[in-house]
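To convert, take the position in the sequence shown, counting from 1, and add 13; that gives our numbering.
Just below is one structure, and these are the notes that go with it.
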Amino acid sequence: MPARPVRYDPLDAATLADPYPVLAALRTQAPAVWHDGMECWLITRYADCVRVLRDHTRFARDPRRLGRTVPDASLSVQVLDPPHQAPARSLFMTALHQQDLPALQQRTFESAASRLAALTGEPSWEAMRELAQPIALAAIADLLGVTPPPVEEWVQVSDTIMRSMDGGLDPGLIEPGRRARQQLSYLVASWFTTTGRPTGLLGHVRAGTENAGPEHAAYAIHTARVMFQGGYSTLTAAIGNLLDTLARRPDVLTALRERPGLVPLAVDELVRFDGPVQGTTRLAAVDLSIGDVAVRRGEKVTVLFAAANRDPDAFTTPNALVLDRSPNRHLGYGWGTHACLGTVMAQRVLTALVEALLDTGQVLRPAGPARRRRTATMRTFAHLPLSLQP
14 MPARPVRYDP LDAATLADPY PVLAALRTQA PAVWHDGMEC WLITRYADCV RVLRDHTRFA
74 RDPRRLGRTV PDASLSVQVL DPPHQAPARS LFMTALHQQD LPALQQRTFE SAASRLAALT
134 GEPSWEAMRE LAQPIALAAI ADLLGVTPPP VEEWVQVSDT IMRSMDGGLD PGLIEPGRRA
194 RQQLSYLVAS WFTTTGRPTG LLGHVRAGTE NAGPEHAAYA IHTARVMFQG GYSTLTAAIG
254 NLLDTLARRP DVLTALRERP GLVPLAVDEL VRFDGPVQGT TRLAAVDLSI GDVAVRRGEK
314 VTVLFAAANR DPDAFTTPNA LVLDRSPNRH LGYGWGTHAC LGTVMAQRVL TALVEALLDT
374 GQVLRPAGPA RRRRTATMRT FAHLPLSLQP
């Protein structure tokens with residue numbers, strides 16, 4: 014008798030709480046599993062995921078390669094495929110390499126330390142509001158060289174955009190997401206029209222597009238929009254997941270106090286263990302096969318990072334938190350030319366936060382029931398009550 018197909022509902026309460034058992038079941042079922050609700054092939058094995066992400070010839074990020082239309086405002090580094098992506102990506106990567114990331118890390122450490130000091134002694138505090146959201150917003154604005162919008166206002170805009178990414182599962186999310194993206198577009202456009210000497214990463218980008226044609230200038234603005242929103246939402250989710258793991262595993266902070274040199278490796282492992290971004294989608298540009306599964310041209314292929322990061326064929330003891338795991342080529346921030354542009358910055362921010370936690374001399378503890386946000390694309394918290402205890 015053939016095995017029963019694995020039922021995968023990314024918005025199911027049990028899956029939101031712990032997606033890893035069902036992802037493991039999918040991984041053992043087949044190299045590619047068709048999902049009727051999402052209308053795509055799910056790819057869960059690490060090697061297959063990397064092959065899809067590397068192969069820009071057979072797997073398209075840009076829907077225009079399949080004859081589909083894409084609004085001009087959506088064309089950014091994250092949508093364009095090589096080689097068309099190269100000029101815009103090179104511009105942003107060059108600007109990123111010119112930033113003083115150690116200084117950004119130090120400012121993040123000081124901010125986190127100040128916030129943690131204010132929370133010490135409180136019986137309970139909401140970690141997303143008190144730590145994740147303000148730290149993430151300050152860090153991405155610092156990197157770009159812009160003044161951040163008020164946290165409360167920005168959280169509403171960003172959350173609406175993030176929820177709309179699941180519009181395929183809930184069409185009612187699409188229109189609010191469109192309006193929120195319009196608000197974001199106005200904000201980012203203002204950064205490119207502000208007079209005076211530009212600073213930060215966007216200062217270098219603006220200087221690099223002064224003599225560029227209108228198409229490349231537009232790509233730069235759209236990429237800045239994606240980098241600001243995507244960087245904020247991914248970093249917020251990563252901070253929340255990291256704090257949750259540390260609260261449920263107080264032995265981790267104890268171990269890192271004994272071996273503080275492990276913090277960078279531990280941060281990388283924490284992202285692998287429970288990462289923020291759940292997956293990404295490509296279009297089959299030709300008829301092809303993934304293992305013994307035939308995929309037709311034009312069909313969607315969704316690479317599930319969270320499943321790949323727990324693949325025993327890629328990671329020894331994948332369900333264990335191994336603080337000194339190295340090498341650790343996880344997919345927590347994606348892979349290849351479409352990976353998160355701010356990966357290095359994110360690692361520095363998370364490292365600064367962990368170091369600030371170590372300096373408190375205390376451990377994190379859960380302080381009430383946590384609640385996951387009901388999103389399939391991003392694994393994050395809506396409510397995460399924690400406390401610091403001796």
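Beta carbons: idealized from backbone N, C-alpha and C, even for Gly.
In this chain, the alpha helix (DSSP H) harbouring V367 covers T356 to T373. Beta-carbon to beta-carbon, T57 and A321 are separated by about 7 Å, close enough to satisfy the 8 Å threshold. With a beta-carbon spacing of about 7 Å, A297 and R71 fall inside the 8 Å limit used to define contacts. Within the region 250-308, the runs of alpha helix (DSSP H) at least 4 residues long that lie entirely inside it are, in chain order, 263-271 and 276-286. Between V265 and L334, the C-beta spacing is below 8 Å. Taking a contact as a CB-CB distance under 8 Å, the pair L371 and L248 does not count as one, their CB atoms being some 20 Å apart. When only Cα atoms are considered, A30 and G221 end up about 44 Å apart.
The closest CA to that of P379, considering only A140, F241 and D75, is found on A140. The Cβ-Cβ distance between L397 and G288 does not fall below 8 Å.
G304 places its beta carbon less than 8 Å from that of A45. For the options R295, V218 and G50, the alpha carbon positioned closest to that of P100 is the one of V218.
When the five nearest sequence neighbours on each side are left out, the beta carbons in the same chain lying within less than 7 Å of the beta carbon of R323 are those of Y33, L36, A37, P331 and N332, in order along the chain. Of all C-beta pairs linking the region 381-393 to the region 167-187, three or more are shorter than 8 Å, placing the two stretches in contact.
Closest option to T212, judged by alpha-carbon separation, among T121, D113, G185 and W47: D113.
Here the region 122-136 lies against the region 357-371, with 3 or more beta-carbon pairs under 8 Å apart. Close CB contacts of V159 within its chain, under the 6 Å cut and outside five residues either way in sequence, are with W204 (chain order). Look at Q118 here: in three-state DSSP terms it is helix.
Distance between W167 and S246, taken at the CA atoms: about 11 Å. Here W54 is bridged, per DSSP, to W47 and V314. Nearest to F286 by C-alpha distance, out of L275, T258 and L301, is T258.
For F105, there is no enclosing beta strand (DSSP E); the enclosing alpha helix (DSSP H) has its first and last residue at A99 to H110.
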